[in-house]
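Residue numbers (the working numbering): 19 to 687. Glycine included, each C-beta is placed from N, C-alpha and C at the ideal position.
Here is the structure:
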């Protein structure tokens with residue numbers, strides 16, 4: 019009979035598979051021998067016939083190995099069968115992922131169902147399947163077995179010789195740990211096993227270097243995101259028990275008002291709450307004497323101490339009558355003297371935390387990784403408990419991660435309304451434990467790049483003026499410069515506050531010197547802005563920022579309306595001089611090195627500017643977007659810049675008086 023098969027044939031029923039080779043045989047046919055007869059399968063061509071032939075042979079053998087390995091009797095026979103199975107998979111001409119994955123799944127099931135294997139048997143099986151792991155991820159159950167082996171025998175040579183290439187492949191090629199979390203867990207346990215070797219973190223450092231490669235640029239773009247994902251998951255696991263026990267922990271309102279008696283709360287509280295001073299508590303609520311005593315609850319893994327100082331904080335006092343539950347960030351960000359939380363982890367969790375925090379610091383040592391690392395860490399992916407942990411915040415060396423100008427913006431929040439590193443490490447923030455030294459360092463980084471703007475200074479004046487004045491009073495030069503700029507840009511409206519800032523500046527030598535320089539600049543500014551001088555001015559080509567500064571300091575330019583710096587060598591640094599020209603209406607920066615930082619300053623100070631020529635300058639969307647605040651602009655030349663179409667549309671919508679625009683040789687053209 020010919021045609022389609024009416025009934026299926028099970029693979030186990032196939033006794034033999036052969037290619038028809040006799041003379042005058044039908045073309046492209048396979049002969050299947052089954053009980054009671056044979057079946058001929060005809061393909062469309064020889065290639066398809068060969069595919070069928072090898073696939074049927076493969077399936078037949080796989081069923082055989084599944085049956086043999088499902089009921090192991092002697093492990094030496096099982097090991098031999100596994101080696102044969104691996105050889106068959108490696109030599110098969112079939113090109114399909116399942117060819118290598120099927121043997122791994124068979125071995126994975128075998129290991130999961132036989133927990134009484136000796137260590138030698140386990141390592142022999144791992145070595146036997148190692149060739150398959152060179153180009154394939156291990157299945158989930160096999161990952162679980164590998165994790166167990168890493169935990170129980172971290173110094174085994176199998177970890178170094180077999181697992182290393184497997185983990186390297188995972189880090190180079192994995193696209194999403196969310197789809198295969200056990201791969202991440204296996205990578206995490208492997209790195210911890212490296213840390214258990216005699217050389218410890220030196221071995222881990224060599225492994226990280228091998229993943230990056232010897233060149234200045236890592237050739238594998240997935241390595242860094244995967245390493246960061248492993249580190250973040252490991253750090254989270256250190257605090258997981260504390261996070262999961264939050265339902266049984268004292269509420270943040272109770273931490274604020276005083277803890278309940280042990281008999282009033284749920285059992286197994288993993289916290290130890292110690293109030294060192296009842297003064298703050300007595301101001302917030304009237305409590306019994308028993309509630310002021312230390313409440314100690316045993317915990318096997320984590321202890322938390324909440325210490326209170328004598329000084330009451332207004333934010334906490336104001337919220338006493340509110341029954342709503344404050345969140346952790348609000349409770350801890352009120353003041354540097356309000357409440358500090360220190361978390362004591364178990365010895366194992368402490369080792370894990372130290373290892374993976376050190377790895378994050380290692381990643382920041384590579385120049386090509388640092389910008390991407392900062393972007394990955396900008397949304398603050400760590401749990402709040404880690405940020406409240408003194409050991410974590412001290413070991414996590416933030417300035418080393420964000421020291422490059424390339425990533426200075428990552429210090430700030432990723433979006434409005436969400437705290438960034440700058441807020442968390444500022445005085446009063448969750449992670450601030452150094453009297454504001456790191457905060458001052460971050461301000462120095464931001465001020466040294468492109469954040470010397472009114473908007474940034476205004477945010478400091480509104481939220482962090484007190485800490486800035488305190489640090490300036492202690493002689494911090496960055497904060498002294500901040501206070502001088504606040505006075506220079508007229509950020510502070512209140513006269514008493516201005517006088518207080520002046521008194522703070524005059525209380526230190528560095529402050530007194532910088533305040534005198536400020537007064538001198540103000541006198542020069544008044545002279546510069548005095549009515550008189552030319553209405554049009556053109557600087558010779560090749561002029562520099564210093565030449566412009568020297569020229570503007572030579573007399574009065576209160577009447578200057580048209581300034582041409584075209585084809586000069588001025589940069590964004592000259593913006594500090596240009597913003598002092600109140601009557602300026604036309605500015606030509608054609609073919610200069612004036613960039614985004616300069617545009618930000620001009621947009622805040624030269625609000626009357628009507629004509630601006632930025633042709634052939636290195637400005638980008640980041641700086642051009644700032645022009646949206648210059649409502650008087652009538653003519654704007656952005657020819658041959660890095661203007662995008664979206665930014666161009668945004669500028670047209672926000673600049674109602676804009677009539678002449680040149681966007682030739684840009685993306686918006």
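Per-residue burial, residue i [other beta carbons within 10 Å of its own, 16 or more giving buried]
| i | result |
| --- | --- |
| residue 398 | buried |
| residue 165 | buried |
| residue 613 | buried |
| residue 70 | buried |
| residue 571 | exposed |
| residue 482 | buried |
| residue 443 | buried |
| residue 232 | exposed |
| residue 563 | buried |
| residue 239 | exposed |
| residue 503 | buried |
| residue 27 | exposed |
| residue 621 | buried |
| residue 534 | exposed |
Any non-hydrogen atom of the ligand FMN closer than 7 Å to residue i Cβ
| i | result |
| --- | --- |
| residue 103 | No copy of the ligand FMN appears in this structure; indeed no ligand is present at all. |
Sequence-distant residues of the same chain with beta carbon closer than 7 Å to residue i, five excluded per side
| i | result |
| --- | --- |
| residue 495 | 528 |
| residue 585 | 559, 608, 609 |
| residue 551 | 573, 574, 575, 576, 577, 578 |
| residue 49 | 36, 38, 56, 58 |
6 Å Cβ shell around residue i - same chain, five flanking residues per side excluded
| i | result |
| --- | --- |
| residue 242 | 387, 390 |
| residue 662 | 639, 685 |
| residue 687 | 681 |
| residue 436 | none |
| residue 215 | 221 |
| residue 678 | 653 |
| residue 171 | none |
| residue 517 | none |
| residue 616 | 590, 593 |
Beta-carbon proximity check, residue i vs residue j, cutoff 8 Å
| i | j | result |
| --- | --- | --- |
| residue 607 | residue 583 | yes |
| residue 177 | residue 156 | no |
| residue 150 | residue 189 | no |
| residue 377 | residue 256 | no |
| residue 236 | residue 207 | no |
| residue 530 | residue 524 | yes |
| residue 254 | residue 401 | yes |
| residue 129 | residue 163 | yes |
| residue 748 | residue 651 | Residue 748 lies beyond the range of the chain shown here (19 to 687); nothing can be said about it. |
| residue 101 | residue 146 | yes |
Inter-residue Cα distance where the pair is residue i and residue j
| i | j | result |
| --- | --- | --- |
| residue 37 | residue 83 | 24 Å |
| residue 392 | residue 380 | 13 Å |
| residue 125 | residue 210 | 25 Å |
| residue 24 | residue 58 | 14 Å |
| residue 34 | residue 79 | 11 Å |
| residue 593 | residue 547 | 16 Å |
| residue 566 | residue 595 | 8 Å |
| residue 196 | residue 140 | 28 Å |
| residue 51 | residue 198 | 41 Å |
| residue 9 | residue 161 | Absent from the model: residue 9. The displayed extent of the chain is 19 to 687, so no value can be given. |
| residue 226 | residue 484 | 43 Å |
| residue 135 | residue 159 | 16 Å |
| residue 683 | residue 497 | 43 Å |
| residue 60 | residue 46 | 6 Å |
| residue 64 | residue 373 | 57 Å |
| residue 94 | residue 194 | 38 Å |
| residue 670 | residue 657 | 15 Å |
| residue 111 | residue 362 | 57 Å |
| residue 223 | residue 488 | 40 Å |
| residue 375 | residue 368 | 11 Å |
| residue 409 | residue 230 | 28 Å |
| residue 204 | residue 364 | 22 Å |
| residue 556 | residue 382 | 46 Å |
| residue 86 | residue 258 | 42 Å |
Integer Cβ distance of residue i from residue j, believed to fall under 8 Å
| i | j | result |
| --- | --- | --- |
| residue 414 | residue 430 | The pair is not a contact, with the Cβ atoms about 18 Å apart (cut-off 8 Å). |
| residue 604 | residue 588 | Going by Cβ atoms, the distance from residue 604 to residue 588 rounds to 16 Å, so no, they are not a contact pair. |
| residue 522 | residue 501 | 7 Å |
| residue 394 | residue 246 | 5 Å |
| residue 646 | residue 668 | 7 Å |
| residue 602 | residue 624 | 6 Å |
Same chain, Cβ closer than 8 Å to residue i, five either side skipped, listed in chain order
| i | result |
| --- | --- |
| residue 31 | 52, 53 |
| residue 22 | none |
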